[in-house]
Amino acid sequence: MSKILDGKALAQIINEQTSQAVKQLAKPVCLAVVYDPENAGSDLYVGMKARQAAKVGIETKDIPVPADATTESVQEIVRNLNQDHTITGILIQSPLPEAVNEQIIFSTVEPNKDVDGLGAVNQGLLFEDSPLPYTVAATPQGVMTLLKHYQIDLVGKTALVIGRSQLFGRPMAALLNNADATVILSHRYTPAEKLKSFLKQADLVVVGVGQPDFLLGEDLKPGCVVIDVGMNVVDGKATGDVDYSSASQVADYITPVPGGVGPMTIATLLENTVKAAQQNN
Numbered sequence: 001m002s003k004i005l006d007g008k009a010l011a012q013i014i015n016e017q018t019s020q021a022v023k024q025l026a027k028p029v030c031l032a033v034v035y036d037p038e039n040a041g042s043d044l045y046v047g048m049k050a051r052q053a054a055k056v057g058i059e060t061k062d063i064p065v066p067a068d069a070t071t072e073s074v075q076e077i078v079r080n081l082n083q084d085h086t087i088t089g090i091l092i093q094s095p096l097p098e099a100v101n102e103q104i105i106f107s108t109v110e111p112n113k114d115v116d117g118l119g120a121v122n123q124g125l126l127f128e129d130s131p132l133p134y135t136v137a138a139t140p141q142g143v144m145t146l147l148k149h150y151q152i153d154l155v156g157k158t159a160l161v162i163g164r165s166q167l168f169g170r171p172m173a174a175l176l177n178n179a180d181a182t183v184i185l186s187h188r189y190t191p192a193e194k195l196k197s198f199l200k201q202a203d204l205v206v207v208g209v210g211q212p213d214f215l216l217g218e219d220l221k222p223g224c225v226v227i228d229v230g231m232n233v234v235d236g237k238a239t240g241d242v243d244y245s246s247a248s249q250v251a252d253y254i255t256p257v258p259g260g261v262g263p264m265t266i267a268t269l270l271e272n273t274v275k276a277a278q279q280n281n
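With UniProt numbering applied, the sequence shown covers 1 to 281.
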């Protein structure tokens, strides 16, 4: 049986450290969240983040955008938040309404308030493995923190990332590359036979495609590490992209869903917000 990578337990430790850091700051810490209230998933996540933020002493300012929002109208919202000295960090909760170009909005956020690391400046610093301080998207950064906590060595290992979104796959691949893993980045256009071949080579698999039971135990290399970033609901229960029952018989380490990457994402976002406050002060 696999050893569980307990993101919930580690997130509690990070949240306690964040809470202590907030208490040491002279100014209040405030996270502004721009989101589409018509999207049920976003509405749920924003509420979860607000509740956890309150527990560690971070204020939140939720800013819903209307269904008819345009790129220009959301840019105006973000520019005002950039200039608001009471706002420590800005989170753009994806997805925004259909007419809004998210990439433009991500890069409208000032880099020093870009607490989810999705703007072009922070992503550029990540991809060049810059020695300068920069912010990384919370989900992949949370994955790296989890791997480090469990002392999982990445140097020279073959890492397969399934999914190439700006929020997860691309920064995940860059982080693993920066950690000296040999990285394969696959996506929806990767032929099924090639993906199966990659899986049998992979010492580490990180998957986030939004499909329940996308990976089975038989697909995996024995002794690998499995990080399940997926979040789906099946018969009213949360489940990931990996069939946990079969994969846990093959992998050495695995993240559960819920209780794996999800808590780490929120904890990392709040940690990033406090770091922004420290650096800006």
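Just so it is clear, CB atoms sit at the ideal spot from N, CA and C, and this is done for glycine as well.
Backbone secondary structure at residue i - three-state DSSP
i, result
"V78", "helix"
"K221", "coil"
"T273", "helix"
"P27", "At residue 27 the sequence reads Lys, which differs from the Pro that was named. Three-state result, K27: coil."
"A67", "coil"
"L125", "helix"
"L91", "strand"
"V215", "Residue 215 is actually Leu in this sequence, not Val. Strand, per DSSP."
"V226", "strand"
"D84", "coil"
Selection from the options that minimises the alpha carbon distance to residue i
i, options, result
"T108", "V226, A50, Q75", "Q75"
"T158", "L204, A138, P171, S186", "L204"
"S165", "T268, M144, D180, P140", "P140"
"G240", "A251, V136, G210", "G210"
"L25", "G57, E38, V34", "G57"
"A32", "Q17, D6, E59, Q12", "E59"
"D252", "Y244, Q12, N272", "Y244"
"D84", "E98, A69, K61, I105", "K61"
"I227", "A238, G260, E128", "G260"
"V242", "I266, G236, L199", "L199"
beta-carbon residue i near the ligand COA non-hydrogen atom, thresh 7 Å
i, result
"I266", "With respect to the ligand COA, the structure offers nothing, as it holds no ligand at all."
Beta bridge counterpart(s) of residue i as assigned by DSSP
i, result
"A159", "V183, L204"
"D62", "V33"
"T239", "N232"
Buried or exposed by the 16-neighbour rule on C-beta atoms within 10 Å, applied to residue i
i, result
"L120", "For the sequence presented, residue 120 should be read as Ala rather than Leu. Counting Cβ neighbours within 10 Å, A120 comes out exposed, since fewer than 16 surround it."
"E218", "exposed"
"Q279", "exposed"
"N281", "exposed"
"V78", "buried"
"K49", "buried"
"L147", "buried"
Cβ distance (whole Å) where residue i is taken to contact residue j below 8 Å
i, j, result
"A179", "L154", "5 Å"
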